[in-house]
Structures are given as C-alpha cells and as structure tokens.
Amino acid sequence: MSTIETGNEANPTDINLEVETGSLPVETPEPEPEGFDIVIAGEDEKPKQDPATNAKYAAQRLERKRLRELEQTLAAVKRGELPETLRVTPESPDQPPSIDDYFSDAALEKYGFDTARAQAAFQAALGVWQVKATQEHTGFAAKQAQKVQEYEAKSIEQTQAINRHYDSAEKLNLPDYQEKEDALAAMTAPDVVTGIMQLFPEKSAAIIYHLGSNPELTKRLNALPSQQAMIELGRLDAKLTLKPRGKAVSAAPMPDEPLNGQATAANLASLQKKMEEAADKGDVETYRKLKNQLKGVK
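Just so you know, we're using the working numbering here: the sequence shown kicks off at 821 and counts up by one.
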C-alpha cells in the first residue's frame, strides 16, 4: 500500500509516494475522518452521519449556547438585574401609627384630654415601628445577598461542568450536535439540558444527542415524575456507547493482558480492550491515546 506524506499541500513536490518500481499507479483512498457515532450497546447500527458531511464540519467549534446563556444571566445578576427566581420577597411591615389614633376626641379621652401625654404615646409607638421596619429591611437585604452569593457559586460550578461537556462534545466530531441539543432544549424545561451536562459528565454529549435525535423518547421522559425520569436517564447512560466510525462494536470479551511500559505486539489485545472500555465510558481522550499506542504496535 502506498504512503502519502504531505507537508504543504500547495506544493506538489512535497508529496512522496512510496510504490514498487514498475508497478501500476496506485490510487490512494482518502483517510476516513475520525470521530464517533452514538449507539446503543449491543445494537450494530449503521452510522447516522455521512463521513463527507462530517469531515466538512468537524473543524467547526460548537456554539456552546447553554454556556453563553448561563454567562449572560450571571453577568446580569452581577449588575443587579435579578430574575424572579432569585428575588427575595420582603415582608410587608405594619403600617406606621396614625396620628388620628392619638388625637381624636375618643383617643384624647383615653389620655384625659392631655395632648402632651397623647403626643408622647404617639412618638413612642412611632419609634417602635421604625426599629421594626429597619430590622425587617436589614434581614431582607441579608437574605437577598446570600441568595445571590449562592447562585454565583453554583454558576461557577455549572460553568466548569458545561465547559467540560462541550470540550468532550467537540471531540465527537458530530456535525449536527448543536442542532440536536437545541431540539432537546426546545422540548424540555430550561434546566434539563444543563442538568444532564452536570449529572452525567462522561456521556452527557451522547445522552443529549440521543434524546435530541429521538423526540418520542424525550416526550416519554417528560411525562414521567422527576425521580423516575432520572432513573431512566441513568439506564440510558449505561446503554449508550461510542462506536468509532467505520468499525463494528464487538460484543466478544477481549482477553485481559497487562499493559506495562511501551506498547508491543504482545499486548495488542489488551489495548483493543481498553479502547472499547474507553469508548463505552465516553472517554475520548483515553481512547485516542490508546489508539496512538495501537498504531505503534501495527
């Protein structure tokens, strides 16, 4: 088989074809783009993505819409523009004392028609009301500040989790991933997509893509109580696996062989097994490292 080495594709002299002398010209097929398909473990489905289309869009970065939405909301909160979900409702203080309650004919009769006593009683009642109103306002401000601080701390954790999710999603090279995520977001409550990103860090991209591709399944999950829906998502997390494009997912167990030091032909089976395990877990980084070691064996 011929080997093509390209340094600068614009200069044809940089292309080196290694073929046997006297042999016929050999057509070198273009390498199949790397990436993964989302499949149910045990089901040998055909890839849903066209390799040519995938190659065209693989280099494009995802829009990271959920991350942008979170960052925009957080920025608004820091400016003091609080959404209703973050607003603390202040307790309505009692009405201040009315002067009529102290200087009407009936009220003055209680004080022996002594306006000085009535005035003193009114000032005392007004002072008590002012202290109570100040305490209620201080308590409200403290509660509001605490709620904002909790939201900001939670948002930082969410931002980190969502960033990790999108980093993993980009490595899958799914050209229509953003389309599927948007479809799922349109069918569910606002926090469902980001919740999946946080609760299922290893396979969040696969779960979101699968649910966005299967609206009927998403509708069934929406109809379930929250706890039951979480159980079903956990089952889906266990079922979904990554299948390298162009390769079937083998159900046959691979023999266990220790992997020590540099990869050699003796541990080829072990490398292949570890690659399948990484694919099952959605660990793209480990999968590609093992793949590079496997190339050294072959």
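All residues carry an ideal CB built from backbone N, CA and C; glycine is no exception.
Residue i vs residue j beta-carbon contact at 8 angstroms
i: A1058; j: M1017; result: no
i: V1013; j: E999; result: no
i: V908; j: F960; result: yes
i: L1060; j: A1099; result: no
i: P763; j: R984; result: Coverage of the chain is limited to positions 821 through 1118, which leaves residue 763 absent and any answer about it impossible.
i: I919; j: F942; result: yes
i: Q978; j: L890; result: yes
i: L1019; j: Y971; result: no
i: K926; j: A938; result: According to the sequence shown, residue 926 is Ala rather than Lys. Taking 8 angstroms as the Cβ cut-off, A926 and A938 do not qualify as a contacting pair.
i: L1004; j: L1041; result: no
For residue i, the first and last residue of its enclosing alpha helix (DSSP H)
i: V897; result: K885 to K898
i: T1061; result: Unbroken run through T1061 is the beta strand (DSSP E), L1060 to P1064; no alpha helix (DSSP H).
i: P1035; result: P1035 to N1042
i: E901; result: Taken as a continuous stretch (DSSP letters only), E901 belongs to no alpha helix (DSSP H), as it is neither H nor E.
i: T909; result: First-last for T909: undefined, no H or E at that position.
i: G931; result: It is Tyr, not Gly, that sits at residue 931 in the sequence shown. Premise fails: Y931 is in no alpha helix (DSSP H) and is neither H nor E.
i: A1006; result: Y997 to M1007
i: G1015; result: V1012 to L1019
i: D1100; result: L1088 to K1101
Minimum C-alpha distance to residue i - residue among the options
i: A989; options: K1111, T1106, G1102 and A861; result: G1102
i: D921; options: A945, K1023 and K952; result: A945
i: D857; options: L1053, L1037, K991 and K1094; result: K991
i: D914; options: V948, R1040, E1052 and K1094; result: V948
i: A1089; options: Y931, N993 and Q1113; result: Q1113
i: Y997; options: M1095, T1038 and S1033; result: S1033
i: T893; options: E1097, V968 and Q1048; result: V968
i: T1008; options: F933, S1024 and T1038; result: T1038
i: S1024; options: K1094, Q964 and V1104; result: V1104
i: P1035; options: K1093, L887 and A1006; result: A1006
i: Q964; options: K1094, A861, G900 and T1106; result: G900
i: V859; options: P1064, D934 and E1097; result: P1064
N- and C-terminal bounds of the beta strand (DSSP E) containing residue i
i: F923; result: Element bounds for F923: not the beta strand (DSSP E) but the alpha helix (DSSP H), D920 to F923.
i: P917; result: Taken as a continuous stretch (DSSP letters only), P917 belongs to no beta strand (DSSP E), as it is neither H nor E.
i: V859; result: F856 to I860
8 angstroms contact criterion, which residue i and residue j should meet: CB distance rounded
i: L1062; j: L1091; result: That belief does not hold up - the Cβ atoms of L1062 and L1091 are roughly 16 angstroms apart, past 8 angstroms.
i: E956; j: P910; result: 7 angstroms
i: L1053; j: Y1029; result: Incorrect: roughly 14 angstroms between the Cβ atoms, too far for contact.
i: Y986; j: R1055; result: Their Cβ separation, rounded to whole angstroms, is 24 angstroms, which puts Y986 and R1055 out of contact at 8 angstroms.
Residues bridged to residue i (per DSSP)
i: L992; result: None; L992 has no bridge partner.
Below-8 angstroms beta-carbon distance, residue i vs any chain C residue
i: L1053; result: Among the chains in the structure shown there is no chain C, since it carries only a single protein chain.
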